[in-house]
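Comments concern the structure below.
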Amino acid sequence: MKAVFEKARAWIELDEKALRNNIEILRKLLPEGGRLMPAVKANAYGHGNAFITRVMQDAGITDFCVACVDEAVEMRENGIKGDILILGYTNPAQFDLLYKYNLIQTAVDFSYAEEMSKYGKPLRVHIGIDTGMHRLGEPAENIDRLREMFFMENLHTEAALTHLCASDSDAPSDIEFTNMQIDKFYHTIDTLRKEGCEIPKLHLQASYGLLNYSELAADFARVGIAVYGMKTARNDYDKFNTDAELRPVLSLKARVSSVREIKAGESVGYGLAFTAERDMKIAALSIGYADGLPRALSGGVGKVLINGERAPIIGRVCMDQTIVDISGAAEVCAGDTAVIIGKSGNDEISAYEIAEDAGTITNEILSRLGTRLTRVML
């Protein structure tokens, strides 16, 4: 582990204790018999799928969900034994992978279920029901088509699911819409069961569905951002203030690669975007937008921590490098550590702050962290 810190140009530190804490906090919100189905898509929200899923498996997690078949196959090849649900579209040309690796595929609508049935080999399936998001799933109103999906040849249907798309808000209109989705889902399930459909399991909650509607009867909760110790945005609705108990898993750090002084009137970086108004001391950091540092943080919008002091980004964030003003910091040398997300001294820059400065959400900031960043579990 020490060698990683000594050699890496930029890296991610993962807090195993925080991850295990978050799993236990979220488990307490589950109904009796319910299980977590963590969303580990997009490289486990940028954290590193191989690292995260091994800890989750050791912590007793037996169910996972991902976005695409390639992510699921990678997990199998990394030794993950539990059930893996693919939430998104898998090209019919890749159905052999579903069968070979014992994966579960979401039937994203009626015509897609027909394609799966034509494959000719038994496939494990969760049937998606659209209750108002209008993204994936057969519309709940199409009872006849939904019923037919449950009886299609070669589809071994194990569950039905929907997605609550406004459960992160306590606005009255959003609560009303979420309750409409919930009622529509359960009503559809009741109707299908009365018409002879066998539906062993149900799931409709993601992170906010569990945080704010934990009373719902379901077999799985597809927790995403919450299991990594975050919310999508700092002020999102969290009915039980669970966020106070969740702990961020990820810190992002980079090496100071060069330190120099510039004179008033000299410019820095591409396009001469920054011109010094006074004599300054600056540092180049070995991280850039190719690593996932948003270019929107250019021009003093974003800051990093070096030796416990804030250093504003000057000029434009480059593909592989970023320049910061260290005039107000204590002695900084090449080889020192800059903290982009995490703690240094008595200060902290959270993923919330990065997201707010960049005009986006934590999910995007984390999931876009690049694969060339070294990842290490502490």
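According to my numbering, the sequence shown is numbered sequentially starting from 2.
For glycine and all other residues, C-beta sits at the position ideal for the given N, C-alpha and C.
All figures in this text were calculated on a predicted structure; none of them were measured in a lab.
Option in the options with minimal Cα separation from residue i
i	options	result
A284	R296, I62, A297 and K304	K304
S252	I342, L212, H188 and Y90	I342
R148	I128, G133, C166 and A167	I128
P32	R261, A274, I314 and A218	A218
V318	A227, Y90 and D292	D292
A297	L247, G346, V257 and E365	E365
E116	A167, A94, R136 and L104	A94
A330	L379, T189 and L306	L306
R279	K264, L273 and G270	K264
T158	T54, D239, I362 and P123	P123
R36	P313, H204 and L156	H204
Y90	R136, S258, A274 and H188	R136
I144	T189, L27, D171 and G309	T189
E196	H48, G210, D175 and M150	M150
T372	L20, M231, E267 and A45	A45
S259	L86, E199, T323 and C66	T323
L294	A359, S268, E349 and V333	A359
D175	G210, L86 and G121	G210
K18	F52, E349, N79 and F152	F52
L193	E349, K344, T375 and I130	I130
G300	M320, I362, A356 and V269	V269
E332	T363, D321, M320 and E262	E262
Beta-carbon proximity check, residue i vs residue j, cutoff 8 angstroms
i	j	result
L88	V70	no
Y102	V126	no
D59	R248	no
M76	N50	yes
A141	F186	yes
L30	S215	yes
A40	V224	yes
A245	L27	no
V325	A335	no
R21	R256	no
Y120	R235	no
D84	T63	yes
L379	E14	yes
I327	F275	no
L286	T243	no
G309	S345	yes
Those residues which DSSP pairs with residue i across a bridge
i	result
K254	W12 and V340
A284	V260 and V325
M378	L15
E139	I130
E1	In the structure as shown, the chain starts at 2 and stops at 379, and residue 1 therefore has no counterpart that could be examined.
H48	For H48, which the question treats as bridged, DSSP gives no partner whatsoever.
H157	R125
Q106	I87 and V126
V70	DSSP output for V70 lists no bridge partner at all.
R36	F221
I81	Paired residue(s): none; I81 is not in a bridge.
F275	V269
L162	G129 and H204
I350	G343
Proximity test, Cβ basis, 8 angstroms: residue i and chain D
i	result
G89	In the structure shown, chain D does not exist; there is a single protein chain.
Contact belief for residue i with residue j at Cβ below 8 angstroms, rounded distance in angstroms
i	j	result
A108	L165	A108 to L165, Cβ: 19 angstroms. No contact.
W12	V377	6 angstroms
L370	G47	4 angstroms
F221	M57	The Cβ separation is near 14 angstroms, so there is no contact.
(message) My parser needs the alpha helix (DSSP H) runs of 4 or more residues fully inside the segment 195-229; what are they?
(response) Within the segment 195-229, the complete alpha helix (DSSP H) runs of at least 4 residues are 208-213.
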